[in-house]
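Residue numbers (the numbering used here), protein chains in the order written: chain A, 1 to 117; chain B, 118 to 230.
Ideal placement from N, C-alpha and C gives every residue a C-beta, glycine not left out.
Keep in mind the model is a prediction, meaning the values are calculated, not measured.
Take a look at the structure set out below.
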């Protein structure tokens, strides 16, 4: 069973369209994340939800809107897609663990490769 | 503010040779440090982590890393490279009790036959 699964794996679309990427984790974690990896492989955090509450909201265009219906799911909706949105988007999940409850180990999905034409 | 610097965006080694991937960090508090590996067209997989205690940590696939506070480094090593080690490697830093990771820019490891 895949621990963190994203759909779709590939997404090709035209500029101006609206699209969604879905993420589900079956690890029982309470925190989920969206990252963007650009063509130079640079990974940047976009959003994070803990128990369905938004806890990290980096400087991201408001065309990007995350939604967490429950702890196991975190979706990403993108409005009015632009060429610069082309990237690989990774979902991740974690649970604070370890002595004193302080270690955050993140587990990643396989990514969604978005190509905007 | 935390930051991570990975020296060398591309590293090539011969099969059987030592692998050394460099990572330096900046953190105002004791850091938690991680190495992740990304194989082509796949997500990131945790190789190893340092939280507290022993400064030499062992991970999967024969990799290990040593936390050196005085040098603010967490370099990744493997005694003998294998063709299957070819991948992108990311160093990351986090703080205790926080959810945010700061990733380095990655190092692509190429293993030559």
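Burial check for residue 6 (chain A): the Cβ neighbour count within 10 Å reaches 16 or more, so the residue is buried. With a cutoff of 8 Å on beta-carbon distance, residue 223 (chain B) and residue 212 (chain B) are scored as not near each other. Contacts between residue 211 (chain B) and chain A, judged by CB atoms closer than 8 Å, involve 104 in chain order. Secondary structure of residue 200 (chain B) (DSSP, three-state): helix. At least one C-beta of chain B is nearer than 8 Å to the C-beta of residue 31 (chain A). Partner residues in the beta bridge of residue 219 (chain B), as assigned by DSSP, are B:210. In the three-state scheme derived from DSSP, where H, G and I count as helix and E and B as strand, residue 30 (chain A) is classed as coil. For residue 66 (chain A), the enclosing beta strand (DSSP E) has its first and last residue at 64–70.
If you draw a straight line from the Cα of residue 130 (chain B) to the Cα of residue 228 (chain B), it is about 5 Å long. Nearest CB-CB separation between residue 123 (chain B) and chain A: not below the 8 Å threshold. Its Cα nearest to that of residue 44 (chain A), the residue B:207 stands out among B:215, B:226, B:191 and B:207. Using a Cβ-Cβ distance cut-off of 8 Å, the region 62–70 of chain A and the region 106–115 of chain A are not in contact, since fewer than three pairs of beta carbons, one from each stretch, lie closer than that value. Annotation for residue 15 (chain A): no beta strand (DSSP E) segment contains it, and DSSP assigns it neither H nor E.
Closer than 8 Å to the CB of residue 207 (chain B) there is at least one CB belonging to chain A.
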